[in-house]
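Below is one structure, written out as structure tokens; the observations come after it.
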Amino acid sequence: MALLRIRKATTTLLYSGGTDRIARTGALLSRWISSASSSSAVVAEDESGGIYGLGSVLKEYEDYRRSLYGEITHKALLVDAVGTLLVPAQPTAQIYKNIGEKYGVEYSEAEILTRYRRAYQKPWGGSHLRYVNDARPFWQYIVTESTGCSDSQYFEELYSYFTTEQAWMLCDPDAGKVFKAIKEAGVKVAIVSNFDTRLRPLLRALRCDDWFDAVAVSAEVEAEKPNPTIFLKACELLEVNPEDAVHVGDDRRNDLWGARDAGCDAWLWGSEVTSFKQVAQRIGVKV
Numbered sequence: 570m571a572l573l574r575i576r577k578a579t580t581t582l583l584y585s586g587g588t589d590r591i592a593r594t595g596a597l598l599s600r601w602i603s604s605a606s607s608s609s610a611v612v613a614e615d616e617s618g619g620i621y622g623l624g625s626v627l628k629e630y631e632d633y634r635r636s637l638y639g640e641i642t643h644k645a646l647l648v649d650a651v652g653t654l655l656v657p658a659q660p661t662a663q664i665y666k667n668i669g670e671k672y673g674v675e676y677s678e679a680e681i682l683t684r685y686r687r688a689y690q691k692p693w694g695g696s697h698l699r700y701v702n703d704a705r706p707f708w709q710y711i712v713t714e715s716t717g718c719s720d721s722q723y724f725e726e727l728y729s730y731f732t733t734e735q736a737w738m739l740c741d742p743d744a745g746k747v748f749k750a751i752k753e754a755g756v757k758v759a760i761v762s763n764f765d766t767r768l769r770p771l772l773r774a775l776r777c778d779d780w781f782d783a784v785a786v787s788a789e790v791e792a793e794k795p796n797p798t799i800f801l802k803a804c805e806l807l808e809v810n811p812e813d814a815v816h817v818g819d820d821r822r823n824d825l826w827g828a829r830d831a832g833c834d835a836w837l838w839g840s841e842v843t844s845f846k847q848v849a850q851r852i853g854v855k856v
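Counting in the numbering used here, the sequence shown runs from 570 upward without gaps.
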């Protein structure tokens, strides 16, 4: 059982120091909660032995934000792209195989998936920055390693396919309606993504580019999550301070830890929030 002795410490942080400490308070509280959330039994305990549900600690923090900022708790929402906003319409290995068959690809989908994961996890050129400009060298390496096929026409067909609306689907079908309500409430919205320069035309193809006030793409920022730089760039583009923004993404390391290191709040998609309506409600926006 994971016991977090946080209530007294949280209260001290919240009510001593004023608004300039909200970013550090939020980041610290979020880290405690994130560390505990993987446990099968999570409670909060103060020094006197009283036990409080984790939900009450979250509510205390969110109520504190409302006491500072009003009913809307954040001025900006940052959203991850792949895995949060959108996902491939079909499994990647399936696409690699289906398109690759006419180019002589013989590996099964299971083999392609295994090889893909192995290739994707390898260091790329001694750098953590994979997506440079259109990221063609990186993706050509991935395709060749995954399928054993180095045919340039095969690569170009795959590369182009993943820029089309047929290749992707929205994770939340109500996303457009929710983002409209969030923006109408005065909250700015940005994409923060480890992606290459195809993301912008992809958003246009999916007819959702106007949902966002800014797009921070790692290939353009030259920093990949969890590097705080990309989150700070998104805040700069939106003209908000990091402590005024909350980031939503599906990867604990890249999204939660990266955003919190930048001074933003962060919620884990699929766990802490499962729809953009929930995101809006937590910010204080009615949909």
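Even for Gly, the Cβ is constructed at its ideal location relative to N, Cα and C.
Cβ distance (whole Å) where residue i is taken to contact residue j below 8 Å
i      : j      : result
Leu647 : Cys833 : 7 Å
Phe731 : Ala650 : Actually they are not in contact, since the Cβ atoms of Phe731 and Ala650 sit about 12 Å apart, beyond 8 Å.
Asp819 : Gly639 : About 29 Å separates the two Cβ atoms, so there is no contact after all.
Asp720 : Tyr665 : Actually they do not touch by this definition, with Cβ atoms about 12 Å apart.
Leu739 : Leu654 : 7 Å
Beta-carbon proximity of residue i to residue j, cut-off 7 Å
i      : j      : result
Trp737 : Ala662 : no
Lys802 : Asn823 : no
Glu734 : Ile668 : no
Ala835 : Val747 : no
Val701 : Ala788 : yes
Asp778 : Leu807 : no
Val756 : Ile799 : no
Ala688 : Ile711 : yes
His643 : Val856 : no
Ala831 : Pro797 : yes
Alpha-carbon spacing of residue i relative to residue j, whole angstroms
i      : j      : result
Thr766 : Ala792 : 13 Å
Tyr633 : Lys846 : 22 Å
Val854 : Leu768 : 27 Å
Thr713 : Asp741 : 32 Å
Ile641 : Gly839 : 23 Å
Phe780 : Val758 : One point to set straight first is that residue 780 is Trp, not Phe, in the sequence displayed. So the alpha carbons of these two residues sit roughly 8 Å apart.
Leu775 : Ile751 : 19 Å
Val817 : Arg829 : 11 Å
Ser682 : Ser715 : Residue identity check: residue 682 is Leu in the sequence provided, not Ser. If you take the alpha carbons of Leu682 and Ser715, they lie about 7 Å apart.
Gly827 : Arg699 : 17 Å
Cys804 : Arg686 : 32 Å
Ala785 : Arg773 : 15 Å
Glu675 : Cys718 : 9 Å
Val656 : Lys628 : 31 Å
Phe724 : Gln709 : 6 Å
Gly728 : Glu812 : In the sequence on display, residue 728 carries Tyr and not Gly. When rounded, the distance between both Cα atoms is 37 Å.
Arg635 : Glu678 : 49 Å
Gln690 : Phe707 : 12 Å
Asp703 : Gln722 : 17 Å
Pro660 : Glu670 : 16 Å
Leu771 : Glu631 : 35 Å
Ile852 : Arg684 : 41 Å
Arg821 : Glu680 : 27 Å
Extent of the continuous beta strand (DSSP E) to which residue i belongs
i      : result
Trp838 : Neither: Trp838 is in no beta strand (DSSP E) and is coded neither H nor E.
Leu646 : 645-648
Trp708 : Premise fails: Trp708 lies in the alpha helix (DSSP H), 705-716, not in any beta strand (DSSP E).
Pro770 : Not the beta strand (DSSP E): Pro770 falls in the alpha helix (DSSP H), residues 768-774.
Val747 : It is not in any beta strand (DSSP E) - Val747 instead sits in the alpha helix (DSSP H) that spans 744-753.
Lys818 : Here residue 818 is Gly; the residue named in the question, Lys, does not match the sequence. It spans 814-818 - the beta strand (DSSP E) in which Gly818 sits, taken as one unbroken run.
Secondary structure of residue i, DSSP reduced to three states
i      : result
Ser844 : coil
Lys802 : helix
Gln850 : helix
Leu539 : Residue 539 falls outside the range modelled here, since the chain spans only 570 to 856, and no answer is possible.
Ala785 : strand
Val701 : coil
Ile760 : strand
Leu654 : coil
Glu734 : helix
Glu631 : helix
Glu640 : coil
Asp765 : coil
Asn796 : coil
Asn810 : coil
Val790 : helix
Glu675 : coil
Where the alpha helix (DSSP H) containing residue i begins and where it ends
i      : result
Ala688 : 678-690
Ser719 : Counting along the chain, Ser719 falls outside any alpha helix (DSSP H), and DSSP gives it neither H nor E.
Asp830 : 827-830
Lys666 : 661-669
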